[in-house]
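Chemist:
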Amino acid sequence: MQRGPRMPRPPVSDGPENCLAQQNKMSMGNPTLLSCRLNPTGSLPSRLQTAVNIHRSHSRGTADIRPPLPPPQPQRPPVTSEPAMDDEQDLDPQWYVAQITRQEAEACLRRVNQDGTYLVRDSSKRSPSQPYVLMVLYQNKVFNIQIRYHREADVFLLGTGLKGKENFTSVSEIIQHHQQTPLLLIDGKDRGSGHQRQCLLTYPAGY
């Protein structure tokens, strides 16, 4: 008996139904494949999709990984202005002897032993408001005069700084001024006597 021509089979659909049927056939002998079935919408199960996403993120390498941000730096307190010392003040070594004791400074004055002999030393307090002391020898007596610094006005003052006293921009300006203008010397023991001594800064007693 002669057979007629074979009819071509319809193409197999790749839709979700066919995929589901193939998954069912494969999972009959392997129960572990049951968890890998496609859901009715044709997408992967949530657990499998999560694993795929993780794999993709690792496959990108370290190019997309940004370095961690540095920790925040603590804020520094504002720096308060203080008087410029030593070299910034142009302190002349002819009359500036830096940090020596009061007795050592007095010995420097007495080596010269002339009225109007002077020097500037660091104050024993060494505070921003009283950085230096002007020492003057006059009539065989040593006078110690504080050189004060006024931070708000950025000026130096000589002595107590009472009203009417002059202000100076530097210690060198104090010395230059009183080399031309007599300096009033006040003895604490004779303050009530009314006797005033004045002299020019004439002989520096530095190194």
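Numbering follows this note's numbering, with no gaps: position 204 of the sequence shown is 207. Glycine included, C-beta positions come from ideal geometry on N, C-alpha and C.
(1) For I177, which option in V136, L140 and I103 has the closest C-alpha, if you only look at C-alpha atoms?
(2) Report the start-end ranges of each beta strand (DSSP E) in the region 106-153 that is 3 residues or longer and not cut off at the edges.
(3) How is Q201 classed by DSSP in three states: helix, strand or coil?
(4) Here's the rule I'm using: 16 or more other beta-carbon atoms within 10 Å means buried, otherwise exposed. How should L94 be labelled?
(5) Since P207 sits in a beta bridge, which residues does DSSP pair it with?
(6) Could you check which residue in R124, P71, P75 and Q142 has the C-alpha nearest to that of A208?
(7) On a CA-only basis, which of P73, W98 and L72 is nearest Y210? Give me that one, please.
(8) Return the chain-ordered list of same chain residues with a C-beta closer than 6 Å to the C-beta of Q102, the five sequence neighbours on each side being excluded.
(9) Nearest by alpha-carbon distance to Y206: which of E169, C111 and R154 is it?
(10) Use the C-beta contact count for D190: other C-beta atoms within 10 angstroms, 16 or more gives buried, fewer gives exposed.
(11) Should A156 be counted as a contact of the ligand ZN given a C-beta to heavy atom distance under 7 Å?
(12) Measuring CB to CB, does L203 end up less than 8 Å from Q182?
Modeler: Checking against the coordinates, here is how it stands:
(1) Measuring C-alpha to C-alpha distances from I177 to each of V136, L140 and I103 identifies V136 as the nearest.
(2) Annotation note: the region 106-153 contains the following uninterrupted beta strand (DSSP E) runs of length 3 or greater, listed N- to C-terminal: 120-130, 133-141 and 144-153.
(3) Strand.
(4) When all chains shown are included, L94 counts as buried.
(5) BP columns for P207 point to Y121.
(6) That would be R124, whose Cα lies nearest to the Cα of A208.
(7) Answer by Cα proximity: W98.
(8) Only residues of its own chain outside the window of five on either side were considered, and among them D125 have a CB closer than 6 Å to the CB of Q102, listed in chain order.
(9) For the residues E169, C111 and R154, the minimum Cα distance to Y206 belongs to C111.
(10) In this structure D190 is exposed. Its beta-carbon is surrounded by fewer than 16 other beta-carbon atoms within 10 angstroms.
(11) Ligands in the displayed structure: none, and consequently the ligand ZN is not present.
(12) In this structure, Q182 lies closer than 8 Å to L203 by Cβ.
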